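Q: Residue numbers (our numbering): 22 to 97.
Every residue, glycine too, gets a C-beta built ideally from N, C-alpha and C.
Predicted, not measured: the structure shown is a model, and the values here were computed from it.
Quick one: structure below, then a few questions.
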């Protein structure tokens with residue numbers, strides 16, 4: 022996966038609090054200036070279509086990609 026926004030979205034999904042909804046995730050990232058809420062919804066739909074998210078949760082594929090993004094972004 023090469024799209025930075027998608028990687029960040031998956032990473033946020035991986036690290037979200039238990040009571041955070043998908044809307045909370047999108048708004049949290051939008052508040053950082055990463056993207057607009059409309060772009061966040063588009064990214065969510067794309068990730069769902071690609072099999073990374075299902076029913077508002079990460080799939081196994083999504084978890085693996087989020088872990089890859091986590092290691093990629095980790096400061097050494």
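Reducing DSSP to helix, strand and coil, say where residue 31 ends up.
A: Residue 31 falls in the helix class under three-state DSSP.
Q: Should residue 83 and residue 68 be called a contact, given that it needs their Cβ atoms to be closer than 9 Å?
A: Cβ distance < 9 Å, so residue 83 and residue 68 count as in contact.
Q: Let's see if you can read the secondary structure: which residues bound the alpha helix (DSSP H) around residue 94?
A: 81-94 is the span of the alpha helix (DSSP H), which, as asked, contains residue 94.
Q: Count the other CB atoms, across all protein chains shown, that sit within 10 Å of the CB of residue 30; report buried if there are 16 or more and exposed otherwise.
A: So residue 30 ends up on the buried side.
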